[in-house]
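See structure below.
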Amino acid sequence: MRAGFIVSAMALVMLAGFSPRADAENTPPPPANKRNCQNTIPFNKWLADFKREAEAEGIRPETIEQTIGGLTPDQGTIARDRKQGFFSQTFIEFYFKLATKNREQMGRSYLARYKPIFDRAEQEYGVPGPVITGFWALESDFGGGMGKLSVLRSLMTLAWDCRRGDFFRNELKAAMKIVERGDLTPDEMIGSWAGELGQTQFLPQHYLNYGVDYDGDGRVDLIRSNADVIGSTAKFISSMGWKRGEPWIEQVRVTKSLPWDKADLAIKLPRSQWVAWGVKGVGKELPADNLPASLVLPMGRDGPAFLAYPNFDVYTQWNQSLTYALTAAHLAARMAGAPNLTKADGNVASLGYEQIKELQSLLKRRGYDVGEIDGKLGAGTRKAVKDVQIKYGLPADSYPTAELLSALKERS
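Note that numbering that gives the first Met the number 0 has the sequence shown beginning at 0, numbered continuously upward.
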C-alpha cells in the first residue's frame, strides 16, 4: 500500500487486530493466542524440530537450508504482530484514505492496458476485471508497494512465535515448496512483515495452490508478471465461490422507517423485499427481483448504505474486516462505473476509541463476547450492540451511539 502508507492493506488490518484471510481451504485460521504470550521454546530447539518436520513432509534438506539456513528471528516482525494498534477510524475515514481517485484511475488504465488478459481471466474464472484491480490497488498499488522484508525470515519468525505458530509453520513450508517448484528464489521472496508475496499479497499457501503461469514462461511469478497476477487472483477469487455474472455490492439510499434489525450481513432477503421497504438505488433503479441481498450499514442508519450480494462473501473471506471488505468492494464497483461515495455520507456522530472501549467493557460485563477490549468496532461488538438495541427498544442498526452508551451506564 503506497500513496502515504507503509505496509500493504492486508498487513494494516492485521496490525489492527483482524485475522488473516482464509487459509488454502478457505476456512478461517485458528484464533491467535494473546498478544502478551511468551515464547517458551528456545529458537534453536524449535528450528531443529521444524527442519525435521519439513523434511518428513517431503521438502528436500537442501531446500530447507537454502531457504532458512542461517536465518535468525526478527524481533521487529514480532513487535509489529504484537502491536496494539487501534483502529478507531470510521468506515468513511478509512474509505477515503484507501479508495482514492488515483487508485480508481490506475485501475481503469490497467483494465484498458491488459484488456485481453482480463477478458481471458473472466472467461475462464468468471471474475470481472474491476474485482481484480480493486484488490490489486489496495494490496500493493499495482506492485508499487509489495514490502521490503525477507518473507522467509518473517514467516520463520512468526512460525516460532507463540501467537500464531501453527498457522505460520504451514505458510513457511508452503514458501519452501514455492522455491522447490522453481517459481521464486529465496532472494526474490521479498514482501511484507506478515509473510505475503506479490502484487495482490498472497500468503504462500495461496501462491502455491492458486498461482497460475498465465504468461506461459514456465513459472508463477506474482512479483513481476502482471499476466500471472491477473490469472492467479482470478483463480483464487473463483475458488472462494464467486458467482459468474452476478453483482457484488452497490450503494443504496434508505428510508427512515426500515426494520433496522434486518440490516445485517448475516440476513439475506430478496432484493424485491428491500425495494418494498423503500430502499432505492443510487443513480439507477433497483430491480425488484429475487436476487438475495443483505443491507449493510457500516455507520448505522444515518450513514452510507449498501446492498451486499452473495459475491460480497468473497470479500469477507479475503479479509475478515468489514471496513476493508466494503472499501475494496466499492472501489471495484467504481472501477466498473459506479459513482463515488461522498464525505457527507459519513456525517454521523460516532463514538471515539475510548468510548468504544468503555462500551465493550459494559457489554462484556453483561456476558457478551466482544473479544478484546480494544476500541475496535468488530463483528462481535456489532452483534452485541444489536442485541442490546433490541432489548432497549432502540433502532437495531448495530452501530453504537452516545445514547446507547448512556443507557448501558445507567443500567450497570
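Note that the Cβ used here is the ideal one computed from N, Cα and C, for glycine as well.
Query: Rounded separation between ALA233 and GLY142 - CA only; Result: 17 angstroms
Query: Alpha carbon of THR71 to alpha carbon of ILE116, nearest angstrom; Result: 41 angstroms
Query: Minimum length 3: unbroken beta strand (DSSP E) runs contained in the region 325 to 377; Result: none
Query: Same chain, Cβ closer than 6 angstroms to ARG163, neighbours up to 5 away in sequence not counted; Result: ALA31
Query: Residue burial classification, ARG300 (beta-carbon count within 10 angstroms, cutoff 16); Result: buried
Query: Sub-7 angstroms separation of GLY230 and ALA120 beta-carbons; Result: yes
Query: Beta-carbon gap between ILE67 and LEU183 smaller than 7 angstroms; Result: no
Query: C-beta atoms of THR380 and PHE90 nearer than 7 angstroms; Result: no
Query: GLY412 versus GLY374, ILE77 and GLY244, residue with shortest Cα-Cα distance; Result: Look at the range of the chain in this structure, 0 to 411, and you will see that residue 412 is not part of it.
Query: Under 7 angstroms between C-beta atoms of LEU296 and ASP396; Result: yes
Query: Burial state of TYR206 (16 or more Cβ within 10 Å); Result: buried
Query: Three-way DSSP call (helix, strand, coil) for SER149 in this model; Result: strand
Query: Reduced DSSP category for PHE305 - H, G, I as helix; E, B as strand; rest coil; Result: strand
Query: Other residues of its chain near ALA331: CB distance less than 6 angstroms, five sequence neighbours each side excluded; Result: PRO129, VAL130 and GLY133
Query: Whether GLY302 touches VAL347 by CB criterion (7 angstroms); Result: yes
Query: Separation of ASN169 from GLN319, as counted between CA atoms; Result: 20 angstroms
Query: 7 angstroms Cβ cutoff met for ARG34 and ARG81; Result: yes
Query: Cut-off 8 angstroms between Cβ atoms - residues of its own chain near GLU245, not counting five sequence neighbours on either side; Result: LEU290, TYR308, PRO309 and ASN310
Query: Span separating the alpha-carbon of LEU294 from that of GLU103; Result: 25 angstroms
Query: First and last residue of the uninterrupted alpha helix (DSSP H) at ARG107; Result: 100 to 112
Query: Other residues of its chain near LYS279: CB distance less than 7 angstroms, five sequence neighbours each side excluded; Result: VAL251, ARG252 and LEU285
Query: ALA111 versus THR341, ALA335 and VAL274, residue with shortest Cα-Cα distance; Result: ALA335
Query: Residue environment, SER224, which counts as buried when at least 16 other CB atoms sit within 10 Å; Result: buried
Query: Which listed residue (SER139, LEU137, LYS114 and GLU138) has its alpha carbon closest to that of PRO127; Result: LYS114
Query: Beta-carbon proximity of THR199 to GLU249, cut-off 7 angstroms; Result: no
Query: Cβ shell of TRP276 (< 6 angstroms), same chain only, five flanking positions each side left out; Result: LEU257
Query: Pair within 7 angstroms by beta-carbon distance, SER411 and LEU361; Result: yes
Query: Counted within 10 angstroms of its Cβ, other Cβ atoms place THR254 as buried (16 or more) or exposed; Result: exposed
Query: Contact check, LEU154 vs PHE167, beta carbons under 7 angstroms; Result: yes
Query: Rounded distance between the beta-carbons of GLY366 and GLY377, thought under 8 angstroms; Result: The pair is not a contact, with the Cβ atoms about 17 angstroms apart (cut-off 8 angstroms).
Query: N-terminal and C-terminal residue of the alpha helix (DSSP H) that SER271 is part of; Result: 270 to 275
Query: Element boundaries [beta strand (DSSP E), containing VAL295]; Result: 291 to 295
Query: Nearest residue (CA-CA) to ARG243, options ARG218, GLU123 and PRO394; Result: GLU123
Query: Sub-7 angstroms separation of SER271 and ALA292 beta-carbons; Result: no
Query: TRP45 beta carbon less than 7 angstroms from that of TRP159; Result: yes
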